[in-house]
């Protein structure tokens, strides 16, 4: 049976319009993105199969180009469309942080960092620079590494803080393994950066480690 033959309340698009996007399942959201299914398979059925084949929504959306395009009913056009959608989402969240009130909610910071860093195949060390009222000045990736780690240079972090005339910072990096638990090396470089930035009166509010859907906060653990 085609989705057109379903009751209106069960069709993903109509359901989204009446109840909101958060009321839809992963398969229903993916079906809207796919738009059409395959012969004998509705868009929702195809979405369910793709989620099963890839192991969930996050592995599918973060798949590399060749792996994504290999999926049934997908291809280069869908890959390009997906990358555009993901990038628009990241830019929207950054604009929200920049134009919104002072950044005081760990939840907002987590949501933004997950959008920026989850699923990256290599380690990236970044900073959110803040003014003296904790309003966002900029988000800036500073160092790129391999799957094992990124070399972080305090002198470069200090230089960037001065460039933005920052009063405070939230540091962040991802663990490509998906495990967000900070390492001893993470704690040691954080201590060095707290000291280095403190010397120019820039306060480090937090260091967040991003994994697969989980973000660990140094501040919440009492390490900063």
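Residue numbers (full-length UniProt numbering): 1 to 224.
Each residue gets a CB set at the ideal place from its N, CA and C atoms; glycine is no exception.
Open item on the list: Once DSSP output is grouped into helix, strand and coil, what is the label at residue 154?
Closed with: helix
Open item on the list: One question on the structure: do residue 134 and residue 168 come within less than 8 Å of each other, judged by their Cβ atoms?
Closed with: yes
- [ ] Could you check what DSSP says for residue 77 in three-state terms: helix, strand or coil?
- [x] helix
Open item on the list: For the segment 180–199 against the segment 75–95, do three or more pairs of beta-carbon atoms, one drawn from each stretch, fall closer than 8 Å, so that the two count as touching?
Closed with: no
Task: Runs of alpha helix (DSSP H) lying entirely within the segment 35–82, each at least 4 residues, in chain order - done: 43–54, 57–61, 65–69
Task: residue 18, DSSP secondary structure in three states - done: helix
Task: One or two residues paired with residue 206 in a DSSP bridge - done: 170
Open item on the list: For a test of the three-state rule: what should DSSP assign to residue 137, helix, strand or coil?
Closed with: strand
- [ ] Identify the continuous beta strand (DSSP E) that holds residue 189 and give its terminal residues.
- [x] Note, residue 189: premise wrong, no beta strand (DSSP E); alpha helix (DSSP H) at 184–198.
Open item on the list: Taking 8 Å as the threshold (C-beta atoms), are residue 54 and residue 71 in contact?
Closed with: yes
Open item on the list: Taking a contact to mean a Cβ-Cβ separation below 8 Å, would you say residue 224 touches residue 158 in this structure?
Closed with: no
- [ ] Measure the beta-carbon distance from residue 254 to residue 27 and round it to whole angstroms, keeping in mind my assumption that it falls under 8 Å.
- [x] Because the chain spans 1 through 224 in this model, residue 254 falls outside it and cannot be assessed.
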